[in-house]
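Residue numbers (this note's numbering): 552 to 693. Beneath this line is the structure, given in C-alpha cells, with notes to follow.
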C-alpha cells in the first residue's frame, strides 16, 4: 500500500501548522473547559487560603505554564488575577454587610498584608476600603 504525498518536505511545517489550526478543537476545548471550571470552583471555595499556582496546576495535572496559558485563554485573566478579583469582590461584600475592621476583612479574604489589600482595592474600585464602607453605609442609611 502506498500513501499519498500530502506536500513536499519543504512545505511540511507550514502545511502541518495550517491543518492543525483548521481542525476543530472540540475534544481539547471540552477538556480544558472542564478543568478550568474545576479550578474556578476551587478558587471560589479556597480564596481565603494561601493558594499557589503550583498547587492549582497540580490539581489538574498540568504544568503551571501550560495551565496559565489555558486559563487565560478561557477567562481572559491569569489565575492570579482571577484569584485577586474573587478576593476583592468578597472583601467588598464584607465591607458593605459587616462591621469587621478592614484588617480583619483583608485577612478573611486571603490577603496577608493590609497595605497590599488596600492598594489592590483602590486599583479595582477607585477608593480605599474605608471610603467604600463609608460611601456604602451613607447610601444605605437614606
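Glycine residues also receive a C-beta, built at the ideal position from the N, C-alpha and C atoms.
Asked, Found
"C-alpha distance - residue 659 paired with residue 583, whole-angstrom precision", "30 Å"
"Three-state secondary structure assigned by DSSP to residue 662", "coil"
"C-beta atoms of residue 618 and residue 607 nearer than 8 Å", "yes"
"Ordered list of beta strand (DSSP E) runs contained in the segment 601 to 649, each at least 3 residues", "none"
"Per-residue burial, residue 633 [other beta carbons within 10 Å of its own, 16 or more giving buried]", "buried"
"Under the three-state DSSP convention, the category residue 676 falls into", "helix"
"Whether residue 672 touches residue 650 by CB criterion (8 Å)", "no"
"C-alpha distance - residue 611 paired with residue 626, whole-angstrom precision", "16 Å"
"Other residues of its chain near residue 679: CB distance less than 8 Å, five sequence neighbours each side excluded", "669, 672, 673"
"Contact under 8 Å by Cβ, residue 615 with residue 639", "no"
"Length of the line joining the Cα atoms of residue 570 and residue 592", "Annotation note: pLDDT 40 at residue 570 (below 50); position unreliable, coordinate value reported separately. Near 35 Å, if we compare the C-alpha coordinates of residue 592 and residue 570."
"For residue 599, the three-state DSSP class (helix, strand or coil)", "coil"
"Local Cβ density within 10 Å of residue 657, reported as buried at 16 or more and exposed below that", "buried"
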